[in-house]
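*Asks:* The sequence shown lines up with residues 322 to 572 when you count with my numbering. Provided herewith is a single structure, encoded as structure tokens, for subsequent inquiry.
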Amino acid sequence: MSSQVDQIKEEVEAKLIPIYVMGKQYMVPESLTIMKAIEYAGYKYIRGCGCRGGVCGACATVYRKPGEYKIRTGLACQTVVESEMYLTQLPFYPANRATYEFDNLEGVPEEIFQLYPELFRCVACNACSKVCPMDVEVMDYIAALKRGDIAEASRISFDCIQCGLCASRCMGELPQYHIAQLARRITGAYLTPSAEHLKTMVANIEAGRYTKGLDELKAADTENLRNLYTEREMEPATAGEDWSPQSDAYL
Ligand code: FES
322 MSSQVDQIKE
332 EVEAKLIPIY
342 VMGKQYMVPE
352 SLTIMKAIEY
362 AGYKYIRGCG
372 CRGGVCGACA
382 TVYRKPGEYK
392 IRTGLACQTV
402 VESEMYLTQL
412 PFYPANRATY
422 EFDNLEGVPE
432 EIFQLYPELF
442 RCVACNACSK
452 VCPMDVEVMD
462 YIAALKRGDI
472 AEASRISFDC
482 IQCGLCASRC
492 MGELPQYHIA
502 QLARRITGAY
512 LTPSAEHLKT
522 MVANIEAGRY
532 TKGLDELKAA
542 DTENLRNLYT
552 EREMEPATAG
562 EDWSPQSDAY
572 L
């Protein structure tokens with residue numbers, strides 16, 4: 322029995338690899354993400370960690386591997402550790418963020434040019450695209466914005482998670498991710514056709530169409546709510562676009 326335990330111990334130990342966190346060596350299991358490895362090493366996240374699922378952009382990490390000139394980047398919650406990696410996290414990178422009242426904007430390119438004149442400091446070196454952990458073609462959306470094509474910049478930057486790594490490598494000192502966020506806001510508010518069904522729904526809400534039903538739900542006890550939930554008419558998995566429930570009381 323004890324030899325079995327020793328064997329397991331040996332296997333576990335065999336899976337430990339060295340990594341360097343802010344210059345200090347730690348032995349960590351090789352299957353862990355950087356985030357878990359840092360926790361395994363005894364650090365506690367207070368900042369620099371959010372969703373743990375690769376969508377919030379809080380855990381940007383910079384690392385280098387021995388014998389390589391190259392700086393690598395990744396999300397700590399998604400990137401698996403590698404032996405001998407030297408890493409540190411960049412949970413925040415100071416970058417200029419313009420102040421504006423969004424409702425006062427007209428949604429034209431000139432406003433972006435005025436709010437972010439550094440847009441034209443881009444020298445098209447593409448360091449921003451290379452460093453992006455989401456493989457966003459950052460330089461391309463900056464180029465689109467310089468042409469005044471806000472919609473195209475929004476499309477290209479759609480997967481941006483605002484980690485700020487692009488700004489950290491930019492020799493023109495652009496805050497690319499903030500500029501792209503403004504572009505997407507403008508696209509959503511001014512350039513995308515508004516949805517008719519949404520307008521209808523908002524009008525229905527304002528006219529009080531759902532007030533009675535909502536009041537009934539709020540007054541219901543747990544048992545009633547459970548019954549309402551389990552007995553609700555559900556959309557079949559194979560329903561087509563034209564499916565609608567038999568009762569239109571809540572439509
Ligand atoms: S913690 Fe949210 S992207 Fe890593």
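Ideal placement from N, C-alpha and C gives every residue a C-beta, glycine not left out.
Since phenylalanine 423 and arginine 505 are thought to touch, with beta carbons under 8 Å apart, how far apart are those beta carbons, to the nearest angstrom?
*Replies:* With 8 Å as the limit, phenylalanine 423 and arginine 505 do not qualify as a contact, their Cβ atoms being about 12 Å apart.
*Asks:* Using a Cβ-based criterion (distance less than 8 Å to any ligand heavy atom), does leucine 396 qualify as near the ligand FES?
*Replies:* Checking the Cβ of leucine 396 against the ligand FES gives yes.
*Asks:* With burial defined as no fewer than 16 other Cβ atoms inside 10 Å of the residue's Cβ, what is the status of leucine 535: buried or exposed?
*Replies:* It is exposed - the Cβ of leucine 535 has fewer than 16 other Cβ atoms within 10 Å.
*Asks:* Would the segment 367-376 and the segment 408-420 be scored as touching if the rule is three or more Cβ pairs under 8 Å?
*Replies:* Segments in contact, yes.
*Asks:* Check whether the Cβ atoms of isoleucine 392 and valine 457 lie closer than 9 Å to each other.
*Replies:* Not in contact: isoleucine 392 and valine 457 (Cβ atoms no closer than 9 Å).
*Asks:* Would you report the Cα separation of methionine 406 and isoleucine 500, rounded to the nearest angstrom?
*Replies:* Approximately 32 Å, taken between the alpha carbons.
*Asks:* Counting Cβ pairs, one atom from each stretch, are 3 or more of them under 8 Å apart for the segment 482-489 and the segment 512-526?
*Replies:* Touching, no.
*Asks:* With a threshold of 6 Å on Cβ separation, who are the neighbours of lysine 447 within its own chain once the five nearest residues in sequence on each side are excluded?
*Replies:* A small fix is needed here, since residue 447 is asparagine in this sequence, not lysine. So the list reads Met460, once near-sequence residues are dropped.
*Asks:* May I ask you to check if the CB of isoleucine 367 is nearer than 8 Å to at least one heavy atom of the ligand FES?
*Replies:* No.
*Asks:* Isoleucine 526: beta carbon under 8 Å from a heavy atom of the ligand FES?
*Replies:* No - the ligand FES has no heavy atom lying nearer than 8 Å to the Cβ of isoleucine 526.
*Asks:* Cβ of alanine 419 versus every heavy atom of the ligand FES: is any distance shorter than 8 Å?
*Replies:* No, the Cβ of alanine 419 stays beyond 8 Å of every heavy atom of the ligand FES.
*Asks:* Nearest-angstrom Cα distance between proline 454 and arginine 547?
*Replies:* Whole-angstrom Cα-Cα distance: 43 Å.
*Asks:* Is valine 376 a contact residue of the ligand FES, with contact defined as CB to any heavy atom under 8 Å?
*Replies:* Yes, the Cβ of valine 376 comes within 8 Å of a heavy atom of the ligand FES.
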